[in-house]
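Peer 1: Dropping a structure here in structure tokens format, bear with me for questions.
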Amino acid sequence: MTPAQITGTAPQALGIDGDLTARTVPDLLGTLPVAAGVHRVDLTGVRQVDSAGLALLVDWQRLLNADQGQLELVGVPEGLLRLARISSVDTLLGFQATDAGNTGQ
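Per this note's numbering, residue 5 is the first one in the sequence shown, and the count goes up by one each step.
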């Protein structure tokens with residue numbers, strides 16, 4: 005298990021490194037930047053992800069929406085994209101069919 009951490013500077017240069025799993029998500033909850041604007045988050049550093057990681061991103065999107073903000077996720081791991089599609093939250097998170105591995109470049 006690799007603890008997850010938020011890296012970079014909000015809102016445009018954020019990243020998540022480590023595992024987004026039930027064991028690591030609770031430590032991230034208090035560190036999520038929430039403010040108006042687009043929060044661009046690079047997920048290429050995510051090694052493992054489970055439903056708790058997906059729930060964290062959905063909750064972060066909800067918190068941002070309440071404050072006139074939104075997530076823009078790039079470098080989406082294939083496993084996260086699959087989980088989002090199975091859970092029918094892929095469009096809520098703004099995922100497109102070509103998003104897996106997309107770094108926005």
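We put the beta carbon where it would ideally sit given N, CA and C, even for glycine.
What do you reckon, is the C-beta of P30 under 7 Å from a heavy atom of the ligand ZN?
Peer 2: Because no ligand of any kind appears in the structure shown, any question about the ligand ZN cannot be addressed here.
Peer 1: For W64, I'd like the list of residues in its chain whose CB is within less than 7 Å of its CB, leaving aside the five on either flank, ordered along the chain.
Peer 2: Residue 64 sits at position 60 when you count from the first residue of the sequence shown. Within the same chain, W64 has close Cβ partners L36 and L75.
Peer 1: Flag this pair as yes or no: are the beta carbons of V45 and P81 separated by less than 8 Å?
Peer 2: By one-based count along the sequence shown, residue 45 stands at place 41. By one-based count along the sequence shown, residue 81 stands at place 77. No; because the gap between Cβ atoms is not below 8 Å, this pair is not in contact.
Peer 1: Is it buried or exposed for G34, if we count other Cβ within 10 angstroms and need 16 for buried?
Peer 2: Position 30 of the sequence shown, counted from the first residue, corresponds to residue 34. Its Cβ having fewer than 16 others within 10 Å, G34 is exposed.
Peer 1: What are the residues that DSSP puts in a beta bridge with E76?
Peer 2: Numbered from 1 along the sequence shown, position 72 holds the residue referred to as residue 76. DSSP output for E76 lists R44 as bridge partner(s).
Peer 1: Distance check for Q52 and R27, CA to CA, integer angstroms please.
Peer 2: Walking along the sequence shown from the start, residue 27 turns up at place 23. Walking along the sequence shown from the start, residue 52 turns up at place 48. If you take the alpha carbons of R27 and Q52, they lie about 11 Å apart.
Peer 1: Once the 5 residues before and after Q9 are set aside, which same chain residues still bring their CB inside 7 Å of it?
Peer 2: Locating residue 9 in the sequence shown gives position 5, counting from the first residue. D21 and G22.
Peer 1: Could you give the C-beta distance for L96 and L58, rounded to a whole number, given that I count them as a contact under 8 Å?
Peer 2: By one-based count along the sequence shown, residue 96 stands at place 92. By one-based count along the sequence shown, residue 58 stands at place 54. About 10 Å separates the two Cβ atoms, so there is no contact after all.
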